[in-house]
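Asker: Start counting the sequence shown at 270; every next residue gets the next number (the working numbering).
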Amino acid sequence: MLSICQTCVLSSQLNFVWRRSRPYAKLTLRAAIDQKAMTHVLGSKSLLDDQSFGGDLLNRSVGDRRDEGFVKASFEGSTSLLVTGRSVMAKQATYSNGGSGMPTELCWLAPEDLQEYGIEAQTDSQTTVTDQEAGALVPYLLGRTTKETWSFALDASAYGKQHHLHDVAKRKGYVMQDLRSMVAHLSGTDLAVAGHAIALAGWHQANGFCGRCGAPTVPIEAGAKRCCTKDKKHRLYPRTDPVAIMLVESVDGSKVLLGRAKTIRHASMLTCLSGFVEQVETIEEACRREVQEEAGIDVGPVHIAGSQPWPMGRGGTCELMIGCIAKATSDTLHMDESEMDDVRWVGRDQLKKAVEDSKRKDTPYQGGDSEPSEGVDFWIPPPTAIAHHLIKSWAERQTAWFSKL
270 MLSICQTCVL SSQLNFVWRR SRPYAKLTLR AAIDQKAMTH VLGSKSLLDD QSFGGDLLNR
330 SVGDRRDEGF VKASFEGSTS LLVTGRSVMA KQATYSNGGS GMPTELCWLA PEDLQEYGIE
390 AQTDSQTTVT DQEAGALVPY LLGRTTKETW SFALDASAYG KQHHLHDVAK RKGYVMQDLR
450 SMVAHLSGTD LAVAGHAIAL AGWHQANGFC GRCGAPTVPI EAGAKRCCTK DKKHRLYPRT
510 DPVAIMLVES VDGSKVLLGR AKTIRHASML TCLSGFVEQV ETIEEACRRE VQEEAGIDVG
570 PVHIAGSQPW PMGRGGTCEL MIGCIAKATS DTLHMDESEM DDVRWVGRDQ LKKAVEDSKR
630 KDTPYQGGDS EPSEGVDFWI PPPTAIAHHL IKSWAERQTA WFSKL
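1) Under the three-state reduction of DSSP, which class applies to W472: helix, strand or coil?
2) Among D510, A470, D500 and A463, which one has its Cα closest to the Cα of R481?
3) Taking only runs of the alpha helix (DSSP H) that begin and end inside the segment 489-573, which ones reach a length of at least 4 residues, in chain order?
4) Take G323 and list the residues in its own chain whose beta-carbon comes closer than 7 angstroms to its own, dropping the five residues that flank it on each side.
5) Distance, Cα to Cα, P485 vs F647?
6) When you compare the CB positions of V676 and K622, do they come within less than 8 angstroms of one another, or not?
7) Where do the N-terminal and C-terminal ends of the beta strand (DSSP E) with S619 fall, by residue?
8) Which of the three DSSP states is assigned to M604 in this structure?
9) According to DSSP, simplified to helix, strand and coil, what is W663?
10) Rounding to the nearest angstrom, what Cα-Cα distance links L448 and Q320 in this structure?
11) Going residue by residue through the segment 409-456, where are the continuous alpha helix (DSSP H) segments of at least 4 residues, counting only ones entirely within it?
12) Which residues bound the alpha helix (DSSP H) around K341?
13) Going by DSSP in three states, D236 sits in which element: helix, strand or coil?
14) Where does W670 sit, in a helix, a strand or coil, going by DSSP?
15) Would you decide whether H657 is buried or exposed? Buried here means 16 or more other CB atoms lie within 10 Å of its CB.
16) When the Cβ atoms of the segment 516-534 are set against those of the segment 583-602, are three or more pairs found closer than 8 angstroms?
17) Taking the alpha-carbon of E554 as reference, which of I514, R534 and T353 has the nearest alpha-carbon?
18) In whole angstroms, give me the CA-to-CA distance for L317 and V437.
19) Where does the unbroken alpha helix (DSSP H) through E385 begin, and where does it stop?
20) Below 8 angstroms between beta carbons: does that hold for L542 and L659?
21) Mind reading off the beta-carbon distance from R440 to N328? Whole number of angstroms is fine, and I expect it under 8 angstroms.
22) Which of the three DSSP states is assigned to V331 in this structure?
23) Leaving out five residues on either side along the sequence, give the residues of the same chain with a beta carbon under 8 angstroms from the beta carbon of I552.
24) Compare the Cα-Cα distances from G585 to each of V407, D382 and G354 and report the closest residue.
25) For I467, which residues from the same chain have a beta carbon less than 7 angstroms from its beta carbon, with the 5 sequence-adjacent residues on both sides left out?
26) My output table needs one value for G464: the three-state DSSP class, helix, strand or coil.
27) With a cut-off of 8 angstroms on the beta carbons, I'd call H473 and Y409 a contact; round off their distance for me.
28) Per DSSP, what kind of secondary structure is P372 in: helix, strand or coil?
29) Can the beta-carbon of T509 be found less than 8 angstroms from the beta-carbon of E588?
30) What span of residues does the beta strand (DSSP E) with E588 cover, start to end?
31) What does DSSP give as the partner residue(s) for Q646 in the beta ladder?
32) Could you tell me the boundaries of the beta strand (DSSP E) in which S347 lies?
33) Can you say whether Q619 is buried or exposed, counting buried as having 16 or more other CB atoms within 10 angstroms of its CB?
34) Kindly list the residues whose CB is nearer than 8 angstroms to the CB of E559, restricted to its own chain and excluding five residues on each side of it in sequence; keep chain order.
35) DSSP puts M609 in a beta bridge; with which residues?
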């Protein structure tokens with residue numbers, strides 16, 4: 270429950286909000302206080318199943334990385350994962366008939382294995398611009414499996430012998446494989462580690478120069494930060510962009526709002542609305558703004574249901590998808606045709622069929638060309654996306670998520 274002071278502050282805030290925001294027009298002060306408390310209660314524990322790219326078992330809590338000589342001392346006896354762009358080295362799956370398939374396991378290399386690939390790791394405590402230009406790969410710490418065993422990512426994107434790298438990998442039954450294509454094939458732990466590796470390597474690639482003065486930057490503390498070479502006090506930290514993704518329930522609780530942005534290449538897909546959280550904006554406010562912009566629907570209460578890291582974000586960034594379930598306070602759609610191709614209300618019966626369809630092996634996401642079930646003209650995202658779990662969670666309920674307003 271909120272304290273008396275919190276209630277007074279909230280009351281004054283709501284008087285201001287009521288004058289400016291339509292979504293709160295039907296809420297009483299008591300309902301608004303309950304809504305505020307409920308958001309925090311539900312936000313304390315995920316209401317969804319475990320998500321792809323979550324569940325990294327490597328221990329990232331490593332204070333030793335700040336010590337002089339840490340990388341050099343820990344690299345001996347460590348294992349490394351090679352990364353190029355959004356691809357990672359993985360073991361090629363082979364079949365008894367001599368054929369090969371999608372990799373199902375990551376390939377970890379010991380320091381002595383790197384020599385065969387002609388790769389030199391820069392393990393000195395101070396990496397210089399000259400070191401980077403010479404082609405030595407800087408190990409980026411991913412974590413440790415035990416107290417003695419460390420795991421690193423090595424970014425070979427700028428490596429001068431890409432063809433040699435691929436040739437050696439092929440002879441050993443390895444392949445540099447795009448991570449997106451392996452999402453449904455790797456184990457949850459491998460997927461989380463690989464996602465961390467490409468996100469961290471991608472961030473380093475994108476931040477080679479200081480945004481303040483333009484001077485080169487160099488990685489420090491085993492890749493946990495970058496430092497401006499002109500102003501050593503200026504540090505850069507790996508970036509994650511928050512994205513609100515929301516399933517909006519209709520006023521009567523019988524339908525939910527789904528849509529398809531123009532950026533989605535699957536013409537038959539419908540998914541949850543989503544958008545980046547702006548500066549000085551709460552997650553709940555971002556949900557209301559995005560739904561109003563894309564569909565013209567007003568939104569009241571917002572429940573935070575869970576989250577999913579997404580290392581393959583737009584423009585090569587790493588995103589954190591914050592899954593929400595929201596309550597609409599209006600039903601009439603006004604789609605933004607400049608951004609959206611489709612926005613519609615979908616009932617529970619159709620959603621149940623769509624959830625079952627998503628389990629099939631011949632869906633468009635699996636490279637198939639099958640059609641949805643009878644009475645359904647769309648697909649929903651696969652189980653590797655948090656949107657799937659938001660939709661599935663609502664479809665499996667027997668009643669509305671929210672009480673009627």
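Even glycine gets a Cβ: it sits at the ideal position worked out from N, Cα and C.
Answerer: Here's the rundown:
1) helix
2) D500
3) 552-564
4) A461, Q577 and P578
5) 48 angstroms
6) A question about residue 676 goes unanswered here, because the residues of the chain that appear run from 270 up to 674.
7) Strictly speaking, residue 619 in this sequence is Gln, with Ser absent from that position. Where Q619 is concerned, there is no enclosing beta strand (DSSP E), although the alpha helix (DSSP H) it sits in stretches over R617 to D626.
8) coil
9) In the three-state reduction of the DSSP assignment, W663 falls in the helix class, which pools H, G and I.
10) Their backbone Cα atoms lie some 16 angstroms apart in a straight line.
11) Listed in chain order, the complete alpha helix (DSSP H) runs (minimum 4 residues) inside the segment 409-456 are 431-440 and 448-451.
12) F339 to F344
13) Outside the modelled stretch of the chain, which goes from 270 to 674, sits residue 236, for which no answer is possible.
14) Of the three classes helix, strand and coil, the one that applies to W670 here is coil, per DSSP.
15) buried
16) yes
17) I514
18) 42 angstroms
19) Here the alpha helix (DSSP H) through E385 covers P380 to E385.
20) No.
21) So it is not a contact: roughly 34 angstroms between Cβ atoms.
22) Secondary structure of V331 (DSSP, three-state): coil.
23) P511, A513, V546, V571, I573, I591 and C593
24) G354
25) Counting only Cβ-Cβ distances below 7 angstroms, and skipping sequence neighbours, we find V352, R355, V357, L448 and P580.
26) helix
27) At roughly 7 angstroms, the Cβ-Cβ gap stays under 8 angstroms, so H473 and Y409 are in contact.
28) P372: strand per DSSP, three-state reduction.
29) yes
30) That run of the beta strand (DSSP E) goes E588 to A597.
31) Note that residue 646 is Asp in the sequence shown here, rather than Gln. DSSP, once it has assigned bridges, lists no residue as partnering D646.
32) That residue, S347, is in no beta strand (DSSP E); it is neither H nor E in DSSP.
33) buried
34) The residues are A513, M515, L542, S543 and G544.
35) A530
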